[in-house]
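Residue 584 is where the sequence shown starts when you use our numbering, and the numbers rise one by one after that. So the structure is just underneath, and the comments pick up after that.
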Amino acid sequence: MLDINQIKDILPHRYPFLLVDSITEIEEGKHAIGIKNVTANEQFFNGHFSESPVMPGVLILEALTQVSAIIMHKKEEHSEKLGLFAGIDNCHFKKQVIPGDQLRLEVKITRVRASFAKAHAIATVNQEIACEADITIAFANPA
């Protein structure tokens, strides 16, 4: 398990783009489950959409990518690298994510190479799939 402070030690993201509140389960280099508590105070709700707020799909994907980066950071050979979003396949949005939802972010690494990894990622709310995708994470040296 990782709390928000441990996540901040791994990811360079900060508010408003740190989109993982905790990691409840992790198996280094293989699998993790993260949580994003979606509140009415999220900055993106000001413009998406103020009268009927919905979390933008690209931010759900970003949250899943952040969990992927955390998984790979736990592997020694990638611990000094940044995991960056590099691609997406088979993406489907099936449920809107709204204020008050708890987004469960489950990621399984399916392939690893020296410079990238592929993962199958599922975001759920109350056990209903909100988003499912295959994502590619590139490993980069920090600037």
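We put the beta carbon where it would ideally sit given N, CA and C, even for glycine.
Comparing the C-beta of residue i with each C-beta of chain B, is any distance below 8 Å?
| i | result |
| --- | --- |
| Leu601 | No chain B is present in this structure, which holds just one protein chain. |
Please classify residue i as buried or exposed, where buried requires at least 16 other C-beta atoms within 10 Å of its C-beta.
| i | result |
| --- | --- |
| Thr707 | buried |
| Gln685 | exposed |
| Glu745 | Examination of residue 745 is not possible in this model, given that the chain is present from 584 through 726 alone. |
| Ala702 | buried |
| Ile712 | exposed |
| Pro753 | No statement about residue 753 is possible, as the shown extent of the chain runs from 584 to 726 and does not include it. |
Residue range of the alpha helix (DSSP H) that residue i falls in?
| i | result |
| --- | --- |
| Gly640 | Gly640 to His656 |
Between residue i and residue j, how many whole angstroms is the CB-CB distance? I'm expecting something under 8 Å.
| i | j | result |
| --- | --- | --- |
| Val603 | Lys619 | 6 Å |
| Glu645 | His675 | That belief does not hold up - the Cβ atoms of Glu645 and His675 are roughly 17 Å apart, past 8 Å. |
| Val690 | Ile654 | 6 Å |
Where does the unbroken beta strand (DSSP E) through residue i begin, and where does it stop?
| i | result |
| --- | --- |
| Gln589 | Unbroken run through Gln589 is the alpha helix (DSSP H), Ile587 to Ile593; no beta strand (DSSP E). |
| Thr707 | Phe699 to Val708 |
| Ala713 | Glu711 to Ala723 |
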